[in-house]
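There are 2 protein chains.
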Amino acid sequence: MAVEDRREQLLDAALDVIARDGWQALTMEALAREVDVTRPVVYSAFRDLSAVLASLFRRQEERARSVVESSLPTMEDLDDPDAALVRAVGRFVEAVADDPRGWRLVLLPPDGTPAAIRHIVEQNRQQYADRITELVSWGLERRGGPSGLDVELAARSILAIIEEAGRLLLVDPDRYSPQRLEDFVRTIMGALTRE
Amino acid sequence: MAVEDRREQLLDAALDVIARDGWQALTMEALAREVDVTRPVVYSAFRDLSAVLASLFRRQEERARSVVESSLPTMEDLDDPDAALVRAVGRFVEAVADDPRGWRLVLLPPDGTPAAIRHIVEQNRQQYADRITELVSWGLERRGGPSGLDVELAARSILAIIEEAGRLLLVDPDRYSPQRLEDFVRTIMGALTRE
DNA sequence: CGACTTTCCTACACCGGCGTAACAAAGTCA
DNA sequence: TGACTTTGTTACGCCGGTGTAGGAAAGTCG
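Just so you know, the sequences run in chain order S and L. When the count follows my numbering, it moves up by one through the first sequence with no breaks and lands on 188 for the last residue. When the count follows my numbering, it moves up by one through the second sequence with no breaks and lands on 188 for the last residue.
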């Protein structure tokens, strides 16, 4: 098997291991066992465990970024900030539903991952928070809202709710359907005063 | 040193280790090193690592419970659900500010902890969610609110925001003061329509 | 075919945590 | 003081993960 393919296979296997047994369980040894091969093969694809994790996150971040991009407000949303937010949440939740294994990485945070990686994740979260902050400011201006609202905290809260929604979906997809989560956001947005 | 005292000392040391080096770093060996003693001493206090973690959580849950109890609505809140929630959040956030190390346990979730313990934490979270669900129902009845609100999700969202507030406080206490967080909640509650 | 490269395995030395047995030191009390 | 308990230590064997060296097997190309 070519190194490239091997790498992909190993990353998928890593997701399996983590999903099944948790972060602690991800070792070079376990990874080798998972794809039924010996350790030197794994070492030929990745320098060490932290390299595996780094690749894993890089791949997942790629996907996360594309989800975020596709959830941003479009032209049609220009006059309806509420719809924009509802749509953004909907897109996100569906992405989680589509790739639960991958999103578990981000949503059920990794302790014990190298500090460098944790830092990257945190940095990305910050970027999303900034993105949402913009959205909130724009929405406030456009549609009105609570006067004196702490925009930054509002953005953080929205992010927290979105992430919690993702987690709920991961834990109990039947109980918490994307539809239900989306409806909830719509109700809340409808209930926020416009001045 | 008496076994009882030793146990307490070890639990404190465990918090130190986790705060400094993460969950992965907490081993019987590391624990022994931390209090400058040999492993058999640790083993004489706790059967194994999972026993240490269990004790740690039991102690922290005790504290968590008392915080929750003290944040519940009292007589004076009976006619003002908004104030009740604001107060609840305020109490919680202050508790976190008072014992950051301890709350880190709960708020920065433990992956790699034995499944049994993760289960306990999850169960407690569920209880808090139930508690908040009651509060939301009561508040809806009392003060009015969005019609057709998904009460369960509302409670989950509130919990998510509260926990996020706690995390923000842990990460950057200067930027996110208890006062600021409390003000934010007050603003939001004020902005939710009453019918 | 035969030389060469790629892919993989076996086998090793090493490390660090686990858990226990056996024993030493110090305090307690009849 | 001498027996007993409590508290601690040293020292061992075990396990499982790490990383690497050396060589087998299979595929590739002149």
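C-beta atoms are modelled at their ideal positions from N, C-alpha and C, and glycine is treated no differently. Predicted model, so just to flag it, every value in this text is computed and none were measured.
Asked: Closer than 8 Å to chain L by CB, residue 154/S; Found: yes
Asked: Strand pairing of residue 128/L, partner residues [DSSP]; Found: For residue 128/L, which the question treats as bridged, DSSP gives no partner whatsoever.
Asked: Where the region 108 to 127 of chain L meets chain S: residues whose CB sits under 8 Å from a CB there; Found: none
Asked: For residue 101/S, the three-state DSSP class (helix, strand or coil); Found: coil
Asked: Cutoff 8 Å; reference residue 20/S; Cβ partners in own chain excluding five residues on either side; Found: 42
Asked: Endpoints, the alpha helix (DSSP H) within which residue 177/S is located; Found: 171 to 184
Asked: Where residue 166/L sits in the DSSP three-state scheme; Found: coil
Asked: Minimum Cβ-Cβ distance from residue 176/L to chain S less than 8 Å; Found: yes
Asked: Spatial neighbours of residue 93/S in its chain, beta-carbon cut-off 6 Å, leaving aside the 5 residues before and after; Found: 163
Asked: Residues from the region 48 to 62 of chain S in contact with chain L, defined by Cβ distance under 8 Å; Found: none
Asked: Whole-angstrom distance between residue 35/S and residue 3/S, CA atom to CA atom; Found: 8 Å
Asked: Span separating the alpha-carbon of residue 58/L from that of residue 85/S; Found: 34 Å
Asked: Closest residue to residue 113/L among 51/L, 75/L, 160/L, 68/L (Cα-Cα distance); Found: 51/L
Asked: Alpha carbon of residue 139/L to alpha carbon of residue 146/L, nearest angstrom; Found: 13 Å
Asked: CB contact flag (residue 28/S, residue 182/S, <8 Å); Found: no
Asked: Under the three-state DSSP convention, the category residue 187/L falls into; Found: coil
Asked: Within-8 Å CB hit, residue 78/S to chain L; Found: no
Asked: Outcome for residue 70/L when other beta-carbon atoms lying within 10 angstroms are tallied against a minimum of 16; Found: buried
Asked: Cutoff 8 Å: residue 157/L Cβ touching any chain S Cβ; Found: yes
Asked: Proximity to residue 186/L [Cα-Cα], best of 148/L, 167/L, 176/L, 132/L; Found: 132/L
Asked: Under 9 Å by beta carbon: chain S residues contacting residue 161/L; Found: 146, 149
Asked: Beta-carbon contacts of residue 7/L that lie in its chain and below 7 Å, excluding the five residues immediately before and after; Found: 19, 24, 45, 49
Asked: Closer than 8 Å at the beta carbon, the chain L residues around residue 184/S; Found: 138, 139, 142, 185, 186
Asked: Nearest-angstrom Cα separation, counted from residue 99/S out to residue 12/S; Found: 12 Å
Asked: Nearest-angstrom Cα separation, counted from residue 121/L out to residue 37/L; Found: 35 Å
Asked: Proximal chain L residues relative to residue 173/S, where beta-carbon distance stays under 9 Å; Found: 143, 146
Asked: Below-8 Å beta-carbon distance, residue 20/S vs any chain L residue; Found: no
Asked: DSSP-derived helix/strand/coil call for residue 29/S; Found: coil
Asked: Neighbour flag for residue 31/L against chain S, beta carbons, 8 Å; Found: no
Asked: DSSP state of residue -6/S mapped onto helix, strand, coil; Found: coil
Asked: Element boundaries [alpha helix (DSSP H), containing residue 55/S]; Found: 42 to 64
Asked: Chain L within 8 Å of residue 67/S, Cβ atoms only; Found: no
Asked: Spatial neighbours of residue 90/L in its chain, beta-carbon cut-off 7 Å, leaving aside the 5 residues before and after; Found: 162, 166, 171
Asked: Three-way DSSP call (helix, strand, coil) for residue 123/S in this model; Found: helix
Asked: Cβ-based burial, residue 88/S [other Cβ within 10 Å; buried from 16]; Found: buried
Asked: Residue 151/L vs residue 153/S beta-carbon contact at 8 Å; Found: no
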